[in-house]
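The structure appears right after this line, and notes come after that.
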Amino acid sequence: MQPVNSIATICTLICLFLSGCKAWKNGSIFEKEDNFSNLRTYEDDFGSRIEVFIELAESELVENYKRKKYLMIREAQPRQVLHPRKDLSLRELIHSAHADQNITNAQKIAYLKKCDQIYELWEKHWRSADLKARQLGFER
454 MQPVNSIATI
464 CTLICLFLSG
474 CKAWKNGSIF
484 EKEDNFSNLR
494 TYEDDFGSRI
504 EVFIELAESE
514 LVENYKRKKY
524 LMIREAQPRQ
534 VLHPRKDLSL
544 RELIHSAHAD
554 QNITNAQKIA
564 YLKKCDQIYE
574 LWEKHWRSAD
584 LKARQLGFER
């Protein structure tokens, strides 16, 4: 009677394991997708890389603001420490890619406009934090 129970238990465990493996949406349970997975697929397409960097910079800026909004209001630390600008390094990257002729003039202009939008978002975050700090009586 004991061997039948152990065989049934083993079969049940195998079925549960296989059904659990089918639930994984990624190709492998050991692979972890990250924000930079798209960059690995582009070999020499600098335009696509810069677009991904711009998207990442904007999302990081928004996430950082959500996390550090309270500190931005209360702390009198330099802006680059609490909520750094993301557009500066992107601008350097765009200018160097254009100098190396990896992107066109039209792409350079479009990417720099996106950098301007990222700067405006950063400035908006600091304006709202400064306004809230003044309302609460904190010195800047």
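Counting in this note's numbering, the sequence shown runs from 454 upward without gaps.
Every residue gets a Cβ at the ideal spot worked out from N, C-alpha and C, and that includes glycine.
Fair warning: this is a prediction, and the values are worked out from it, not measured in the lab.
Handout entry: Meets three-Cβ-pair contact criterion under 8 angstroms: the stretch 513-532 and the stretch 555-566
Key = Result no; under three Cβ-Cβ pairs closer than 8 angstroms.
Practice task
Starting from residue 500, trace the alpha helix (DSSP H) both ways and give me its first and last residue.
Solution key: Counting along the chain, the alpha helix (DSSP H) containing residue 500 begins and ends at 499-527.
Problem - Nonlocal neighbours in the same chain, by C-beta distance under 6 angstroms from residue 553, ignoring five residues either side - result: Within the same chain, no Cβ atom closer than 6 angstroms to the Cβ of residue 553 is found once the five residues on either side in sequence are excluded.
Handout entry: residue 575 versus residue 465 - alpha carbon distance
Key = Cα to Cα, residue 575 sits roughly 55 angstroms from residue 465.
Problem - residue 560: first and last residue of the uninterrupted alpha helix (DSSP H) it sits in - result: Note, residue 560: alpha helix (DSSP H), 558-589.
Handout entry: Exposed unless 16 or more other CB atoms sit within 10 angstroms - verdict on residue 539
Key = The residue in question, residue 539, is buried, as its Cβ has 16 or more Cβ neighbours within 10 Å.
Exercise for the section: Measure the alpha-carbon distance for residue 501 versus residue 518 and round it to whole angstroms. Expected result: Answer to the nearest angstrom: the Cα atoms are 26 angstroms apart.
Practice task
Just tell me which of 463, 579, 506 has its CA closest to the CA of residue 564.
Solution key: Cα-wise, what sits closest to residue 564 is 506.
Handout entry: Exposure of residue 524, with buried meaning 16 or more beta-carbon neighbours within 10 Å
Key = Classification of residue 524: exposed, given that the 10 Å Cβ count is below 16.
Handout entry: Assigned exposure category for residue 543 - 16 Cβ within 10 Å defines buried
Key = By the 10 Å Cβ count, residue 543 comes out buried.
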